[in-house]
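Undergrad: I have a structure I would like to understand better, so I am pasting it below and will then ask my questions one at a time.
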């Protein structure tokens, strides 16, 4: 198998822009689609489909953290799972280095999954309750041909690296707290020295005091092991803290993607803007003086998405064009892409735009 | 804000303990606080800190194996010694509760409207038709679109945000004087959370009721509370106005909690996590329960449990070192 980081020999689509970073991306997702069938009746006949992902395009570069945020049902978890082919994507390509994950055979896939790992949200459900945690951490190494003794040693080292003791390897998951279990999940993900870890809501089941411990650990490990992260979360403050770039998803597609500071300080998509204005800030004075755009209604069902721009029924800027024509993700500034017919300019406030309509 | 008025509810030395096969779990220890008319008291803490048990004890909805001591004075009665009939009259009329998960809090086989009608007719002498009209008005008030048609629908036909609005409509059906909201927006997406908090604020303004808001989210606290009570390992650690808690923090746990949350407008400097884990309630540490995780702990902290002391009028903290850590600092600055 070739080493990761070599020039891709075959790229399904040209890179999004020449202004992107000089190095080729670690992960390159193009037009990824995932449809889940809706079945009904005695014969479970397919009566429709839910488009969980409707053409997602994004890159993750070396050593960076790409945050993926959105509300429930936006497809962010399906995106993570489709990249690892834990669910089979319906269409599109996922390039990991120079290899197309979507075309990989079972054997190739097993090898690829050593290089791309996942940490799950629920530390209670994602560890085998009957396996001592040391075995949980060493099992991936055993599968990939590491000797028993070496695997056990490395498993002890990894447990220590994530803040536990090597002796903890003999204990079972129920003997650990939620935060400790999440550390074990991280040690398992690290065991094969991956290049990329997909973190699916890694701290949302944890109390805030424990959350900070795990976030700091993830940041240290990224430096130490040269990792790239895809950090999937619904908590916008956590994503800002962890991510270099952020992709905002809405109903199965990317609404906006930009460097973290740009996205948070000068969002171009009305959805990003409203999402940020809805986040409560732990500062009473700022809360009292904030202007808030309150979106109407709920996120629509992905089984029956609105026409045109899927955000138009809730968008304060929606015009006729938005009801009929789906906006494409286009670059409005270097490293800043947005899928909106009427994006906000740098520093322009959604409130002002609405007032001017 | 309304501290000169008579308190609506006055809780004194409330303790709740559970006998379990593993031993006695003291879930709430000596909680003492008042809620004044029209005021929003936020009770904040991590899981297992005792905030939900406190609320359930006020309503006497705690599990059967709980042992409760102390007093909860409401309207001249001690709710802890009131008869079950008296409590039934008070619940839903004077004090109403909003739960985190409206899907489990509502009955799936009755329409939303008929469930609100039931709450109204339990406490008021009105006929079904009048009660139905009131139910539709209430749904309108909490922002359920097309309330006439929606009243006939069942809980599963509502989205999460709409169900929580319907829950609020049910809670305010009899103009209660106290609303207890237990993590009312935790299950909701952030844009819907903003809508529901707005609705709660509006109905509270419109009905003049007080609210006890139980949450783990310091952002929600900052946006809606008048006063705040911080709980840790079954005890109240600090209580004060929302500004005092956030800007004149006088307890090491509160300040550690505030330092451990990432700020959406903030930098990417390393967060200051609280080391270790919350203590087991079966086997709590001696002295101050926060001692093993506290950066300021001394010998004294292990010897005895600190008392709540005044930092300033209406601002109290439970810390042995409150004088040297906070009060002296204020004088010298």
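Chains as they are written, first to last, in the working numbering: chain A, 36 to 392; chain B, 757 to 1089.
We put the beta carbon where it would ideally sit given N, CA and C, even for glycine.
What does DSSP give as the partner residues of residue 231/A in its beta bridges?
TA: For residue 231/A, which the question treats as bridged, DSSP gives the partners 151/A, 263/A.
Undergrad: Does residue 248/A have its Cβ less than 7 angstroms from a Cβ in chain B?
TA: yes
Undergrad: What does a CB cutoff of less than 7 angstroms around residue 1078/B pick up in its chain, not counting 5 residues either side in sequence?
TA: 1006, 1065, 1067
Undergrad: Which residues of chain B have a Cβ atom closer than 7 angstroms to the Cβ of residue 319/A, listed in chain order?
TA: Going along chain B in sequence order, the residues near residue 319/A (Cβ under 7 angstroms) are 978, 998, 999, 1002.
Undergrad: In terms of alpha-carbon separation, which member of 254/A, 83/A, 358/A, 340/A lies closest to residue 285/A?
TA: 340/A
Undergrad: Pick out whichever of 866/B, 819/B, 1031/B, 795/B has its Cα sitting closest to the Cα of residue 242/A.
TA: 1031/B
Undergrad: Could you spell out where the beta strand (DSSP E) holding residue 796/B opens and where it closes?
TA: 796-800
Undergrad: Where residue 320/A and residue 776/B are concerned, what is the direct C-alpha to C-alpha distance, given to the nearest angstrom?
TA: 44 angstroms
Undergrad: Thinking residue 330/A and residue 271/A are a contact (beta carbons under 8 angstroms), I'd like their distance in whole angstroms, please.
TA: No, residue 330/A and residue 271/A are not in contact; Cβ-Cβ is about 14 angstroms, not under 8 angstroms.
Undergrad: One question on the structure: do residue 111/A and residue 122/A come within less than 7 angstroms of each other, judged by their Cβ atoms?
TA: no
Undergrad: Among 919/B, 878/B, 1062/B, which residue has its Cα nearest to the Cα of residue 948/B?
TA: 919/B
Undergrad: Within the 7 angstroms Cβ cut-off, does residue 275/A reach chain B?
TA: The beta carbon of residue 275/A falls within 7 angstroms of a beta carbon belonging to chain B, placing the residue at that interface.
Undergrad: Taking all protein chains shown into account, do 16 or more other C-beta atoms lie within 10 angstroms of the C-beta of residue 269/A, making it buried, or fewer, making it exposed?
TA: buried
Undergrad: If you reduce the DSSP assignment to three classes, tell me which class residue 816/B lands in.
TA: coil
Undergrad: Kindly indicate which three-state DSSP category residue 914/B falls into: helix, strand or coil?
TA: Residue state, collapsed to three classes: coil.
Undergrad: Any chance you could list the beta strand (DSSP E) runs of at least 3 consecutive residues sitting entirely within the stretch 104-186 of chain A, in chain order?
TA: 126-131, 151-154
Undergrad: Flag residue 289/A as yes if its beta-carbon sits less than 7 angstroms from any beta-carbon of chain B, otherwise no.
TA: no
Undergrad: Using a Cβ cut-off of 7 angstroms (strictly closer), state whether residue 1037/B contacts chain A.
TA: no
Undergrad: Within 10 Å of its beta-carbon, does residue 1076/B have 16 or more other beta-carbons around it, so buried, or fewer, so exposed?
TA: buried
Undergrad: So for residue 1108/B, helix, strand or coil by DSSP?
TA: Residue 1108/B lies beyond the stretch modelled for chain B, which goes from 757 to 1089, so this question has no answer here.
Undergrad: From 203/A, 248/A, 93/A, pick the residue whose C-alpha is nearest to that of residue 372/A; which is it?
TA: 93/A
Undergrad: Would you kindly work out how many angstroms separate the C-alpha atoms of residue 1034/B and residue 1011/B, rounded to a whole number?
TA: 16 angstroms
Undergrad: For residue 294/A, report the span of its beta strand (DSSP E) as first-last.
TA: 288-294
Undergrad: How big is the Cα-Cα spacing for residue 71/A and residue 83/A?
TA: 9 angstroms
Undergrad: Indicate whether at least one CB of chain B lies closer than 7 angstroms to the CB of residue 315/A.
TA: By this cut-off, residue 315/A is an interface position.
Undergrad: Say whether the stretch 771-791 of chain B touches the stretch 811-830 of chain B, bearing in mind that this needs 3 or more beta-carbon pairs closer than 8 angstroms, one atom from each stretch.
TA: yes
Undergrad: On the criterion of 16 or more Cβ atoms from any shown chain inside 10 Å, does residue 76/A qualify as buried, or is it exposed?
TA: It counts as exposed.
Undergrad: For a test of the three-state rule: what should DSSP assign to residue 1077/B, helix, strand or coil?
TA: coil
Undergrad: Got a sec: which bits of the stretch 945-977 of chain B sit with their beta carbon under 9 angstroms from any beta carbon on chain A, in order along the chain?
TA: Going along the stretch 945-977 of chain B in chain order, one finds 945, 946, 947, 948, 949, 950, 951, 953, 954, 972, 973, 974, 975, 976, 977 with a Cβ nearer than 9 angstroms to chain A.
Undergrad: Assuming the contact rule is C-beta atoms closer than 8 angstroms, residue 984/B and residue 784/B should be a hit. Round their C-beta distance to whole Å, please.
TA: With a Cβ gap of about 17 angstroms, residue 984/B and residue 784/B do not count as contacting.
Undergrad: Kindly list the residues whose CB is nearer than 8 angstroms to the CB of residue 200/A, restricted to its own chain and excluding five residues on each side of it in sequence; keep chain order.
TA: 194
Undergrad: Suppose you measure from the CA of residue 869/B to the CA of residue 907/B; what does that come to, to the nearest Å?
TA: 4 angstroms
Undergrad: Express the C-alpha separation of residue 833/B and residue 813/B in angstroms, rounding to a whole number.
TA: 15 angstroms
Undergrad: Is it buried or exposed for residue 140/A, if we count other Cβ within 10 angstroms and need 16 for buried?
TA: exposed
Undergrad: I'd like to confirm the pairing. Which residues does DSSP put opposite residue 72/A in its beta bridges?
TA: Residue 72/A is bridged by DSSP to 84/A.
Undergrad: List the residues of chain B whose Cβ lies closer than 8 angstroms to the Cβ of residue 253/A, in chain order.
TA: What residue 253/A touches in chain B: nothing, since even the nearest Cβ is about 11 angstroms away.
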